Every structure is written in C-alpha cells, then in structure tokens.
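Below is one structure, written out as structure tokens, with a few remarks after it.
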C-alpha cells in the first residue's frame, strides 16, 4: 500500500482542468528531456545494457508476483500492491505505440502522395478516410449525447454513423466474406481421396460440416433422439468428432505451443533473442 | 503456360471453372436469403452451457462481455453478442461490455446492447454499461483484477465508471460473476484463463468463430470454459433458447445449403478422380 500512497503523493489528482494540462505539459517536456539526455549520454553499449536491465526487471517483477506464495485476506504477496499501478503505467506507455503507428503511416503515404508514386490515389484515400473518421469520431464523442440517444440525432452523429456503420463496417465484412468463395473453390479442387489418410480426413470433414448445420440434423432425424442409435445422428457424430478426436489433438498442440512460448519468453526476458533491436544494430 | 484443356468427362467434372463454383455458391446464398427453408435448430451442450452460466451468476455480481471482434467476423460474432445480451436481460443480470482488441467491436456491440436495452426497458449505467476499448491486453487484465475503477477509468462515453450506479460495490474481479469472451481472435482466451480464471476462479464462457472453435474444445473439456458458442450455429442455438430468432437463424439456413453444395462439389470432384483412376488402371491420374 505504501507504493500506492507514494504514487498519490508524487502524482496527486489535478485540482482543475488547467492544472491537468499543466501536468501533462510538464510530463511531456520531462520525458523528452530524459530521452534526449539518455540518447546523448549513453553510447550504443550503454543503451543496450539499459534496455537489457529494464526488460529483465520487468520480467522478474511479473514472474515473481505471479508465482510467489500469497497469504492474508485478501491473499497477496509483497509485490501484489504494485501490480495495478505498474500495469496502468505500462498501458500508458503501450498506448504511445498508437501514435507511432499513425506517424509511420502518415510518413509512408505522405511520401507516396508527394512523389505521385504508382498507387498514390490509395494514399489519398487513406488520408481522406483517416481525417473523416477522426473529425467526425471526435465530434460525435464530444457531443456527449444522453443515454439512450434522442430519436433525432445531430448531423455530426449521423455522418459518423454513415461512415462507421454504412461504409467502414460493410467494407470490412465484404472483404472477409470473399473467403467463403475461395474456400468453396479450394475445397472442391484440393480434396481428393488419394490416400487412406485423405479419405479419413474427408469423412471427418463431411461429418463435421453436416453435423454443424440444421440440414445434417434433419438428414438423420429419422433416428429417435432417445434411442441407443442416437449416436449416429449427424449432429451427435459431429460433436463426438470435435470433443473426442479433435480435443486430444488440440491439447497436444496447445502443450507444444506452451513449451515453445515458455522458451521464447525466456529468451526475450534475458535479451537473448536474435533479430531484436541489438542484433539489428550489430 | 496455360493448363491443358479437359478432354474426358472425368477430367471435366474435376476441373469445373472456378467462376461457376462462385456463381453456384452465390446462387445458393441468394436463394436461401430470399426463400429460406427453415429447419429445426436444437441447442447443443456447449451452447446450453453458456446460457446456464449466465443464469447461474448471483444477482449482486457483474457479467463482463468482452467483445473482441470487428466487422470481418460480424456475421458470427454479432449475433453471438446479441443473443448473449438477450440472455443477460432476460435473466435480469447486470452486465458490462468491454473490448481489448480490435477497437471496432466496442461500438458494434454498444449498438446491439442499446437496441436490446430499448426492448427490455433497461437503463444505461444501471442495468448495463460499456467500459469501452482498453489498450494494453495483459496489463489491463492484471490491473482490473486488483482495482476495476482505476484500471477502467472512463466508460465508452467518457464518464468515470466509478460514478455509474451499476458499479456500486464493484471494486475488483471478485465482484465479477462471469466473463463471456466473444472473439474472432486467438490468444484472448489464453490471456483470460491465465490471468483471471486460473488465479481468481472467475467463471468463463466463450463465443468463437466456427473456424477457431475447435482449438478451444480442450478448455471446455477441462471445465475452464463453462460453455461455448460455435460460430453462427452457436448464436442460432442461443437465439432459439432466448426466443429471439434473428440473423443467426437466417445465416444457418444459408450455411446449411452452402455446406451441402460444398459436399456435393467435393463428391463430384472425387467421382471424376476415381473414374480417371479406373481408366488408368489404378495409377494416380
């Protein structure tokens, strides 16, 4: 708890909106000064060790907090009180990557537009879409409409709804819906009973495909649901394939992935992973 | 170099041009949307598990519905979310929507909840709320487990969640009676299981797109998931259970006949393959 109290002492809630903006300005200026100072003062070797150190401490903190025995009511260990403020802090740091992403996109598309590269009209569409959603999204948000919203909506909200529900959502949905056509065509072309394994796979696919839709249930509905032969109803067979054949296989895969992820996490934690910032520099 | 033209019947039925396949599929979809042949839908065990998990939540606890989906999977995840919301309202359970990724899901789910709330006369902030999109994946979960008002901050509309009546007495994850994950993304379930269900024993249920559902059957088997909605099928089953047959039921009519078409096409292709094989004396054609 002392850590939370310390944080509250160091960062008290802003008494007025003006004070909040002042705090934000100080925080921003302070961060910039700190980053520039570290960049100037530390050479590549120093920067490397700083990142290795921070990565190690962060990994150690979360690992220890999770595995260290807990006691008391509510149950906690000596690190538990730190979890919430540190997690919020990391969320704030992580949110900065959104700004980085936007900056990178603006840079790439801005250059394409300025130099009239092939496909520049796509970059123009990107800027138009981004600014339209940004302007009307923020406008709509700051209208602070009551809940439930009124029957007659103000026009910025209407424009935002058209952009979001009338354009963005259907475009994205339509793009992914095309997959159904490719899957149908690919299944027809690729599924051949060339081997015993392929035949088994096809049989399982047919059972699951038909067992997952009402047509399959209807096809075998002549078998009474309470009879000993009910197992042979397609929906039951499909469920059996998923729960009794698929589950052990998936469990094996999950275990394999977990072991791999553990090894990978260890390498990242100890900054041993190749292809990170350091090996690119060297 | 272009592919050789099919000369025999067996070659022809193995090489139906793809635009005919697309046309056939589009035809089936349009036919079933305009003139649906409705077949009975019976709720499966995993779907019943979701409904029972919602009904079993104590009245003084919240249900958290994480809507980690966007328009790309909306055909399945939209009706899933909608039927889960109906199940919450019908069982008079208080629920909140939240979203970790992609951010679009929180707005789409909010529209669905608003529509359902009108039907049940439910009030925002009292019977349901929207915690909004929260960036930070694991960090958000770890923080909200310890202190929900601090971790969530403001709701979808910019109001501090601590000021909402629904949040009265809600301090940490112990006041959450069920988390329902509705997602088209992998790794979300593992996060919730590792950081919430495992350490705090908070019950979990989930709704997945049909393609990703098979991966999560082991968690159903181990009772880490109390129930699971599998794609549009699961949504349609829950729609039937809450007596609100809607989009998912319509989708299942279409999907039924689309599956039949695909099975028929695969059988046709294989018939051609077996004929060709017979012609070549059992060798691979």
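Residue numbers (my numbering), protein chains in the order written: chain A, 79 to 360; chain B, 16 to 300.
Glycine included, each C-beta is placed from N, C-alpha and C at the ideal position.
No experiment lies behind these values; they were computed from the predicted model shown.
In chain B, which residues lie with their C-beta within 7 Å of the C-beta of residue 86 of chain A? The contacting residues do not exist; residue 86 of chain A stays about 11 Å from chain B at best.
Can you tell me the Cβ-Cβ gap for residue 111 of chain B and residue 143 of chain B, rounded? I've got them flagged as a contact below 8 Å. 7 Å
In chain order, which alpha helix (DSSP H) runs of at least 4 residues are fully inside the region 241-327 of chain A? The DSSP assignment places complete alpha helix (DSSP H) segments of no fewer than 4 residues inside the region 241-327 of chain A at 247-268, 274-289, 292-297, 312-318, in order along the chain.
Any beta carbon of chain B sitting closer than 8 Å to that of residue 166 of chain A? yes
Note down, in chain order, every chain B residue with its Cβ under 9 Å from the Cβ of residue 271 of chain A. 285, 288, 289
Is there a Cβ from chain A that is less than 8 Å from the Cβ of residue 274 of chain B? yes
List, in order along the chain, the chain A residues whose C-beta lies closer than 8 Å to that of residue 59 of chain B? 313, 317
Which residues in chain A sit within 8 Å of residue 140 of chain B, going by Cβ to Cβ distance? Residues of chain A with a Cβ closer than 8 Å to the Cβ of residue 140 of chain B are, in chain order, 225.
Taking 8 Å as the threshold (beta carbon to beta carbon), is residue 150 of chain B in contact with chain A? With 8 Å as the cut-off, residue 150 of chain B counts as an interface residue toward chain A.
Could you tell me the distance, in whole angstroms, from the CA atom of residue 174 of chain B to the CA atom of residue 109 of chain B? Approximately 18 Å between the Cα atoms of the pair.
Would you call the region 262-279 of chain A and the region 285-294 of chain B touching, i.e. three or more CB-CB distances under 8 Å? yes
Is there a Cβ from chain B that is less than 8 Å from the Cβ of residue 259 of chain A? yes
Starting from residue 171 of chain A, trace the alpha helix (DSSP H) in both directions and tell me its first and last residue. 158-192
Tell me, please, which residues DSSP counts as bridged to residue 211 of chain B. Residue pairing from DSSP leaves residue 211 of chain B without any beta-bridge partner.
What three-state label does DSSP hand residue 94 of chain A in the structure shown? coil
Starting from residue 116 of chain A, find everything on chain B with Cβ-Cβ shorter than 7 Å and list it in chain order. In chain order: nothing, as chain B lies at least about 23 Å away.
Tell whether a beta-carbon distance below 8 Å holds between residue 313 of chain B and residue 139 of chain A. Any answer about residue 313 of chain B is impossible in this case: the structure gives chain B only from 16 up to 300.
C-alpha distance - residue 165 of chain B paired with residue 305 of chain A, whole-angstrom precision: Their Cα atoms are separated by approximately 55 Å.
Are the CB atoms of residue 228 of chain B and residue 94 of chain B within a distance shorter than 8 Å? no
Given a cut-off of 8 Å, decide if residue 258 of chain A and residue 200 of chain B are closer than it, judged by their beta-carbon atoms. no
Could you please give the first and the last residue of the uninterrupted alpha helix (DSSP H) stretch that includes residue 92 of chain B? According to the DSSP assignment, residue 92 of chain B belongs to the alpha helix (DSSP H) that extends over 89-105.
Three-state secondary structure (DSSP) of residue 5 of chain B: With chain B running from 16 to 300 in the structure shown, residue 5 of chain B is simply not present.
From which residue to which residue does the alpha helix (DSSP H) around residue 194 of chain B run? Careful: residue 194 of chain B lies outside any alpha helix (DSSP H), inside the beta strand (DSSP E) at 191-198.
Using a beta-carbon distance below 8 Å, is residue 11 of chain B in contact with chain A? Here chain B covers residues 16 to 300 and nothing more, so residue 11 of chain B does not appear.
Would a check of beta-carbon distances place residue 83 of chain A closer than 8 Å to chain B? no
Taking the alpha carbon of residue 67 of chain B as the reference point, which residue from B:28, B:56, B:193 has its own alpha carbon closest? Distance from the Cα of residue 67 of chain B is smallest, within the candidate group B:28, B:56, B:193, for B:193.
With residue 224 of chain B as the anchor, note down where its beta strand (DSSP E) starts and where it stops. That residue, residue 224 of chain B, is in no beta strand (DSSP E); it is neither H nor E in DSSP.
Taking the C-alpha atoms as reference points, what is the distance between residue 76 of chain B and residue 99 of chain B? Spanning the two alpha carbons is a distance of roughly 16 Å.
Can you pull the chain A neighbours of residue 166 of chain B, defined as C-beta to C-beta under 9 Å? 162, 165, 166, 169
So which residues on chain B does residue 217 of chain A lean against when the C-beta distance must stay under 9 Å? What residue 217 of chain A touches in chain B: nothing, since even the nearest Cβ is about 14 Å away.
Helix, strand or coil at residue 80 of chain B according to DSSP, with G and I counted as helix: strand
Residue 101 of chain B, buried or exposed, once every other Cβ within 10 Å from all chains shown has been counted against 16: buried
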